[in-house]
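This report concerns only the one structure given below.
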Amino acid sequence: MNMLNFRNSIRLLLIVTLFLGTLTITSLGAIMSTANAQVNKPTIVLVHGAFAESSSWNGVLTKLIAKGYPTVAVANPLRGVKSDAAYVASTLKDIKGSIVLVGHSYGGAVITNAVNGNKNVKALVYVAGFAPDAGETAIELSGRYPGSTLGPKLAPPVELTDGGKDLYIQQDKFHAQFAADVPASDAQLMASTQRPITEAALNEASGAPAWKSTPSWFIYGDRDLNIPPAALSFMAKRAISKETVVVNGASHVVMVSHSDAVAKLIDRAATAP
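To get this note's numbering, take the position in the sequence shown, counting from 1, and add 66.
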């Protein structure tokens, strides 16, 4: 190799090295920017309701995670409003930064009682969820307006050793009652994996409601057969909902059948000033 070619090779090597270095710095900057954005986002904590479990949030979780939100889907014990709320409240204590608390169905009653003075909770999102006032119960609220057909679809109660009773929905009635707008094969899996709630939990009076001091958002389907849409509308208006979305044709599991609409509402609640 002559001296001219040698010098040209050195110049090319230097150019490539500088170019790669610039790319590395730029990539690192992008990564750091993304990381900072995620750190600044509130953590979304999702609480399922009766006859469901944490995987009922999978569609919503996928969309929230794609937006960079830290997420936690809590396994709701479904034993009683006060004890379930205390359990959820204990999980919130370890979360740094702001929190958006989301509850489905009976999980709405739980989040109503779980804030318990936690100043990090910036918003409540009720997904076909109960938003009881002090002294109200899930049973009373769902029966206040016509439209719920849940009672006759329940299986015979399972007697517990402490004298309580566990409630399930009959598996062959689950699709039509709970998840009519979900494919039958998916509804069968949900029926098989449903978690029971105690009869006492549905009859337990709620405590002081967090929605009186924490901004709330509501979304539900107009074909909900568990909680009458009229009851959900009443609770949303009473809580002075920042935004209420009614999904046409949606069943009680609106977060499964319309996960995009639910994720978008949670995002709006999380980004609200």
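Glycine included, C-beta positions come from ideal geometry on N, C-alpha and C. All figures in this text were calculated on a predicted structure; none of them were measured in a lab.
Requested in this report: Determine the burial state of glutamate 225: buried for a count of at least 16 other Cβ atoms within 10 Å of its Cβ, exposed for fewer.
Outcome: Along the sequence shown, one-based indexing puts residue 225 at 159. When all chains shown are included, glutamate 225 counts as exposed.
Report task. Taking glutamine 260 as the reference, give the member of Lys107, His114, Asn106, Glu119 with the closest Cα. Result -> Sequence index remark: in the sequence shown, residue 260 carries index 194 (1-based). Considering only alpha carbons, the answer is Glu119.
Query raised in the report: How many Å lie between glutamate 265 and proline 222 at the Cα?
Result: Your numbering for residue 265 matches position 199 in the sequence shown. Your numbering for residue 222 matches position 156 in the sequence shown. Those two C-alpha atoms are separated by around 12 Å.
Query raised in the report: What beta strand (DSSP E) runs, 3 residues minimum, are completely inside the stretch 211-250?
Result: 231-233
Query raised in the report: Straight-line CA distance for valine 166 to tyrosine 153?
Result: Looking up residue 166 in the sequence shown gives position 100. Looking up residue 153 in the sequence shown gives position 87. Taking the straight line from one Cα to the other gives about 17 Å.
Report task. Assuming phenylalanine 196 and serine 171 form a contact by the criterion Cβ under 8 Å, report the distance between their Cβ atoms to the nearest whole angstrom. Result -> On the sequence shown, position 130 is the one that residue 196 refers to. On the sequence shown, position 105 is the one that residue 171 refers to. That belief holds up - the Cβ atoms of phenylalanine 196 and serine 171 are roughly 7 Å apart, short of 8 Å.
Requested in this report: Return the Cβ separation of leucine 220 and glutamine 237 in integer angstroms, given the expectation that the two are a contact with Cβ distance under 8 Å.
Outcome: Here the question's residue 220 lines up with position 154 in the sequence shown. Here the question's residue 237 lines up with position 171 in the sequence shown. Their Cβ separation, rounded to whole angstroms, is 12 Å, which puts leucine 220 and glutamine 237 out of contact at 8 Å.
Requested in this report: Would you list, in sequence order, the uninterrupted beta strand (DSSP E) runs of no fewer than 3 residues that lie entirely inside the stretch 103-129?
Outcome: 109-113
Query - Selected residue, minimal CA-CA separation from glycine 209, among Thr337, Thr109, Ala296 - result: As a first step, residue 209 must be located in the sequence shown, where it is residue number 143. Selected option, being the one with the closest Cα: Ala296.
Query raised in the report: Going by the CB atoms, is the gap between valine 113 and isoleucine 161 shorter than 9 Å?
Result: Residue numbering aside, residue 161 sits at position 95 when the sequence shown is read from its first letter. Residue numbering aside, residue 113 sits at position 47 when the sequence shown is read from its first letter. For isoleucine 161 and valine 113, no; Cβs fall outside 9 Å.
Report task. Give me the Cα-Cα distance between proline 340 and alanine 336, rounded to the nearest whole angstrom. Result -> Any answer about residue 340 is impossible in this case: the structure gives the chain only from 67 up to 339.
Requested in this report: Can you grab the Cα-Cα spacing for the pair alanine 15 / phenylalanine 240, in whole Å?
Outcome: Outside the displayed range of the chain (67 to 339) lies residue 15, so it cannot be described from this structure.
Query raised in the report: Short check: CB of proline 108 to CB of alanine 189, under 9 Å?
Result: Taking the first residue of the sequence shown as position 1, residue 108 is located at position 42. Taking the first residue of the sequence shown as position 1, residue 189 is located at position 123. Against a cut-off of 9 Å, the Cβ pair of alanine 189 and proline 108 comes out as a contact.
**Report entry** Residue closest to valine 322, alpha-carbon to alpha-carbon, out of Val187, Phe244, Ser149, Ala267
**Finding:** Position 256 of the sequence shown holds residue 322. Valine 322 has its Cα closest to that of Phe244, out of Val187, Phe244, Ser149, Ala267.
Query raised in the report: Excluding sequence positions up to five away, which residues of its chain have a Cβ less than 6 Å from the Cβ of leucine 298?
Result: Working through the sequence shown from its first residue, we reach residue 298 at position 232. For leucine 298, where only same-chain residues beyond five positions count, the Cβ hits under 6 Å are Tyr286.
Requested in this report: Give a yes or no on whether the minimum CB-CB distance between lysine 162 and chain D is below 9 Å.
Outcome: The chain labelled as chain D is not found in the depicted structure, where only one protein chain is given.
Requested in this report: Within the stretch 140-217, note down every full beta strand (DSSP E) run reaching 3 residues or more, in order along the chain.
Outcome: 165-170, 187-193
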